[in-house]
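Below you'll find the structure, written out as structure tokens, and then a few comments.
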Amino acid sequence: MDGPGVRFVLFMNGCQMRCQYCHNPDTWKLKSGQKKTVAETVADIGKYARFLKYVGGLTISGGEPLMQPEFVGTVMRRVKQEFGLHIALDTNGAFAGTVPDDWFDPVDLVLLDIKQIDPVRHRELTATELQPVLDAAQRLARLGKPLWIRYVLVPGWTDGFDDVERLADFVATLSTVERVEVLPFHNMAAYKWEAMAGGRYQLADTPAPTPEMEQRVRQQFFKRGLQVV
Amino acid sequence: MDIQVPKPIIDTAAGDPWRGFKGDHWKTRIAMRDFIRLNYAEYRGDAGFLAPPTEKTRRQWSVVTELLKKERLNGGVLDVSTEVGSRITAHAPGFISREDEVIVGLQTDAPLRRAIFPNGGMRMVEQSLEEYGFPPVPEKITEIFRHYRKSHNEGVFDVYDPEILACRRSGVITGLPDAYGRGRIIGDYRRVALYGVDWLVAERQRQKAETDGAEFTDFIIRQREELSEQVKALLELKALANAYGFDISAPAQTALEAVQWLYFGYLAAAKEANGAATSVGRITTFLDIYIQRDLDEGRITEAEAQEMIDHLIIKFRIIRYMRTRDFDALYSGDPTWVTLTLAGMSSDGPSLVSKTCFRVLQTLYNIGLSPEPNLTILWSVRLPAGFKAFASKVAIDTSAVQFENDDVMLPQRVGGIPLGDDYAIACCVSAMRVGKQMQFFGARANLAKALLYAINGGVDELSGVKVVEGFEPITSEYLEYEEVMPRFEAVLDWLAAVYVRALNAIHYMHDKYAPERLMMALHDRDILRTMAMGIAGLSITADSLSAIKHARVRVIRNEAGVAVDFAIEGKYPAYGNNDDSVDSIAVSLTEGFMKRLHQHRFYRDAVPTQSVLTITSNVVYGKKTGATPCGRAAGKPFSPGANPTNGRDENGWIAAGFSVAKIPYEAAQDGISWTASSTPGSLGKTPDERIANMANCIDGFCDATGFHINVNVLNRDTLLDAMKRPEEYPQLTIRVSGYAVNFIRLTREQQLDVISRTFHETC
Chain A
-18 MDGPGVRFVL
-8 FMNGCQMRCQ
2 YCHNPDTWKL
12 KSGQKKTVAE
22 TVADIGKYAR
32 FLKYVGGLTI
42 SGGEPLMQPE
52 FVGTVMRRVK
62 QEFGLHIALD
72 TNGAFAGTVP
82 DDWFDPVDLV
92 LLDIKQIDPV
102 RHRELTATEL
112 QPVLDAAQRL
122 ARLGKPLWIR
132 YVLVPGWTDG
142 FDDVERLADF
152 VATLSTVERV
162 EVLPFHNMAA
172 YKWEAMAGGR
182 YQLADTPAPT
192 PEMEQRVRQQ
202 FFKRGLQVV
Chain B
7 MDIQVPKPII
17 DTAAGDPWRG
27 FKGDHWKTRI
37 AMRDFIRLNY
47 AEYRGDAGFL
57 APPTEKTRRQ
67 WSVVTELLKK
77 ERLNGGVLDV
87 STEVGSRITA
97 HAPGFISRED
107 EVIVGLQTDA
117 PLRRAIFPNG
127 GMRMVEQSLE
137 EYGFPPVPEK
147 ITEIFRHYRK
157 SHNEGVFDVY
167 DPEILACRRS
177 GVITGLPDAY
187 GRGRIIGDYR
197 RVALYGVDWL
207 VAERQRQKAE
217 TDGAEFTDFI
227 IRQREELSEQ
237 VKALLELKAL
247 ANAYGFDISA
257 PAQTALEAVQ
267 WLYFGYLAAA
277 KEANGAATSV
287 GRITTFLDIY
297 IQRDLDEGRI
307 TEAEAQEMID
317 HLIIKFRIIR
327 YMRTRDFDAL
337 YSGDPTWVTL
347 TLAGMSSDGP
357 SLVSKTCFRV
367 LQTLYNIGLS
377 PEPNLTILWS
387 VRLPAGFKAF
397 ASKVAIDTSA
407 VQFENDDVML
417 PQRVGGIPLG
427 DDYAIACCVS
437 AMRVGKQMQF
447 FGARANLAKA
457 LLYAINGGVD
467 ELSGVKVVEG
477 FEPITSEYLE
487 YEEVMPRFEA
497 VLDWLAAVYV
507 RALNAIHYMH
517 DKYAPERLMM
527 ALHDRDILRT
537 MAMGIAGLSI
547 TADSLSAIKH
557 ARVRVIRNEA
567 GVAVDFAIEG
577 KYPAYGNNDD
587 SVDSIAVSLT
597 EGFMKRLHQH
607 RFYRDAVPTQ
617 SVLTITSNVV
627 YGKKTGATPC
637 GRAAGKPFSP
647 GANPTNGRDE
657 NGWIAAGFSV
667 AKIPYEAAQD
677 GISWTASSTP
687 GSLGKTPDER
697 IANMANCIDG
707 FCDATGFHIN
717 VNVLNRDTLL
727 DAMKRPEEYP
737 QLTIRVSGYA
747 VNFIRLTREQ
757 QLDVISRTFH
767 ETC
């Protein structure tokens, strides 16, 4: 889910993480997308603004929106001012430290991906550091931003019992978490990886998690009083 | 007629029929809206009160299910009563399962046994019997129509001119109701229940007496004759009820009587007229007044209330007409458009949602899915949340309901008069004030073919025949927008004129030779008439003009110099992606054709309207139309109604809906049809999420002035499987263009067309 209801999803190109299971590797590179000005983007959203007020709102996704903080910040401020839409920010949190607190003012909901709680495995999985993600989570909670924590369950990579325990403990300390989404891995993006020069998809043979595994992981969050979907 | 009078099956000793009803105005004259507004109870709760089917309902439905299966296995028609032409009193009473029917009355003496209607034309009667393998009608009847009595069909062909015949042959005008009944007239069947038939007879007699001694002009003579005929029809209605053991001279005293009286009115109309669409109107909140009174008096339980609604709906499900194969190609799946209009707002405050609106939707759970009656929900963003949620749930679970925008229609002026809060939908999307307005149905003109005539100088691209004189073909290799447009506009001027002539002739003759006496007896004497014209091929014509304007279109001609194909160089914006550069073309096509219609004179001073609705004839239109400059191959189906061309709406169904919503209702007051198919998953993860999202999406679409949504929530695989194993899906229902069909009764061609439509997997 990209947020509550029906969403206008603005996909931002560029991501600093290189997650092994990424299902949108075609959005990694900053310059591979379509170029749009702030005005064009706001006008595109404006066409649907009234509709979106009934059904849901705007979700800024990626890629990683915080790779282009100036653009995204301006779009969000204007969309909030001009249309009053519900805005969700779909981020991995790693670059949150680069923007001031008031950058998040127009954001109504953060969909925060936490890929792994173990710093070493996090680096293996994403080729980036874990700590900035945890910092971002705590900061967003402090700012009172509702959070949907998203966890992609990949057999062999993120299903370790202890890892999930530690992550659930951490998430339980965040006061603004509304729900935890456990997303079962699927390898439907294999074709995208193949299409990319140099893309080595290590998860081609990784199976989807079994229902039992999903159930176990959900239980681990659930036990801490978290709402799990 | 030989009638054995059975014992009345219900107790009619409830007392004063109007006991407890408020108001005085409606007691002195026919004023249905006034009665309803003063006496109904808005229901703002949820669906928790609804009752499951009773044993009687289950047993009766299982009999019907068997009959439906037999009908299907018998090639689509179970049986035909050829011994007599249909009239209100032509047949002895018939029953499904006598002990289990709380509401009675069939079109003939047995369920699913179809009647014949020689008034429309003997040729169609004979053709349909032959095509479905039934013996011809007795010589006695053919003789009457050969020597003594003229039919509608004959009358029309007596006056058609060569241009009309040529247009009809080539298909630039298709589906004209000259070989089938026009339908789309809604009698106000509620009047039978509230006033009883004697009141209605007296009213007509009084109205006729008003012109005693007046100058007998054409107008007065016609009016007097029609009033006389209407009185006769009302007396026949009484006789029909009497044959089933009921005296409906006086008003109904109980809910069960109200349902039965109303249904007799409908049944008599259905026995008299062979209308393509025999819609029932807006009856639920009216009936709810009676049901609520009986519940309050302790006369019935909720289970019994639901039972009478279930049984009424069973009757609507088995309405049948004998049609030709040609008719089936136009409107497939054997539709009857028993359109039943639900919900909507009152013009001065609360909604018109009552518990009986819920009860009618509940029939889809109690007796399973069905395409008929065509359940049509008048949606407003102000409807109570409980109803929105239930209606959305039903749409998701069944794909058997459609939504039309009450917020757009209620204030809309047609012929200068607002539709208000007592209009109903006839057929698919045609709004009319019940008992105060009727329409002359007029099929549609094929805009895409008209564009090809502009390019080919009036020569038909498929037959090579010159259909219209006075137009020169375009001879350049590439089409230029500036050259095409003026020619196209000239062709449209010509087409509109021919089309209006044809319709005036059809309706003159229909009134003369196949009048709907009973339906009109259940109208006010002085009514508004609309001439409901229509256009087909909107999306491909808009796309074609967009291609000519925004890309390069090279003409490929045959040896005779006729453009038979087009090669597109470059890309063009297609209608259905919320892109103004092409959507504006669709808007101006619609407005332009309406303006042309306004330049003509109409039979009986009818007010012209038009629809952007193809029903299922999009397939036939496609077949009869050569390749179009948008890249569509010759013979391929058009998209239905105002839908974007299949597969060209690349930005999801919201963008598609927004494009459709730009077509202004003011320029298409007979309705703009949009059918959207989405997969359950695209609506949300959980059932609750799906319901909320569906309700919010309809709100948002209506707020954006979208007119109509026909929603299918299905997986394509289900349909593919149903094609392979139809016996597993006897009740699978899907929405097509403005109505629903039993999927397995579509032709293979139609099934493939439905499957090829865009299924939106994301928003």
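Residue numbers (this note's numbering), protein chains in the order written: chain A, -18 to 210; chain B, 7 to 769.
Each residue gets a CB set at the ideal place from its N, CA and C atoms; glycine is no exception.
Check the C-beta distance from residue i over to residue j and give it rounded, since I have them as a contact under 8 Å.
i	j	result
residue 182 of chain B	residue 621 of chain B	About 13 Å separates the two Cβ atoms, so there is no contact after all.
residue 75 of chain A	residue -3 of chain A	6 Å
residue 384 of chain B	residue 406 of chain B	That pair is no contact at about 16 Å.
residue 561 of chain B	residue 569 of chain B	5 Å
residue 190 of chain B	residue 433 of chain B	5 Å
residue 50 of chain A	residue 79 of chain A	6 Å
residue 157 of chain B	residue 519 of chain B	6 Å
According to the neighbour-count rule (16 or more other Cβ atoms, all chains shown, within 10 Å of its Cβ), is residue i buried or exposed?
i	result
residue 408 of chain B	buried
residue 639 of chain B	exposed
residue 154 of chain A	exposed
residue 252 of chain B	buried
residue -15 of chain A	buried
residue 435 of chain B	buried
residue 541 of chain B	buried
residue 357 of chain B	buried
residue 462 of chain B	buried
residue 297 of chain B	buried
residue 10 of chain B	Low confidence applies here, because residue 10 of chain B scores a pLDDT of 44, under 50, leaving its location unreliable; read the following figure in that light. Residue 10 of chain B comes out exposed.
residue 617 of chain B	buried
residue 79 of chain B	exposed
residue 602 of chain B	buried
residue 699 of chain B	buried
residue 664 of chain B	buried
Using a Cβ-Cβ cut-off of 7 Å (strictly less than) and excluding sequence neighbours within five positions of residue i, which residues of its own chain qualify?
i	result
residue 765 of chain B	683, 684, 685 and 722
residue 124 of chain A	82 and 85
residue 497 of chain B	456, 459, 460 and 477
residue 76 of chain B	84
Residues in the same chain with beta-carbon distance under 8 Å from residue i, minus the five sequence neighbours each way, listed in chain order, please.
i	result
residue 22 of chain B	259
residue 739 of chain B	375, 376, 377, 404, 405, 406, 746, 747, 748 and 749
residue 58 of chain A	86 and 87
residue 140 of chain A	134, 190, 194 and 198
residue 250 of chain B	12, 99, 110, 111 and 270
With DSSP collapsed to three states, give me the class of residue i.
i	result
residue 615 of chain B	strand
residue 68 of chain A	strand
residue 83 of chain B	coil
residue 237 of chain B	helix
residue 166 of chain B	coil
residue 487 of chain B	helix
residue 191 of chain B	coil
residue 134 of chain B	helix
residue 716 of chain B	strand
residue 129 of chain A	strand
Who are the near neighbours of residue i in its chain, counting only those whose CB is closer than 6 Å to its CB and skipping five residues on each side?
i	result
residue 454 of chain B	543, 546, 547, 631 and 634
residue 163 of chain A	132, 134, 198 and 199
residue 267 of chain A	Nothing about residue 267 of chain A can be reported from this structure: the residues present for chain A run from -18 to 210 only.
residue 130 of chain B	185 and 330
residue 522 of chain B	191 and 279
With a threshold of 8 Å between beta-carbons, can residue i be considered close to chain C, or not?
i	result
residue 584 of chain B	Absent from the structure is chain C; the protein chains it does hold are A and B.
Does the count of Cβ pairs from the region 168 to 178 of chain B and the region 264 to 277 of chain B closer than 8 Å reach three?
no
Q) Between the region 379 to 398 of chain B and the region 342 to 351 of chain B, do three or more beta carbon pairs fall short of 8 Å? A) With the cut-off at 8 Å, the region 379 to 398 of chain B and the region 342 to 351 of chain B touch.
**Asked** Just checking, does the region 80 to 89 of chain B make contact with the region 114 to 128 of chain B on the three C-beta pairs under 8 Å criterion?
**Response** yes
### Query
With a cut-off of 8 Å, do at least 3 Cβ pairs link the region 310 to 319 of chain B to the region 49 to 60 of chain B?
yes
Notebook entry, point to check: Quick one: any contact between the region 390 to 403 of chain B and the region 701 to 715 of chain B, if contact means 3 or more CB pairs under 8 Å?
Noted result: yes
| request: Please confirm if the region 189 to 205 of chain B is in contact with the region 438 to 455 of chain B, defined as three or more CB-CB distances below 8 Å between the two stretches. | output: yes
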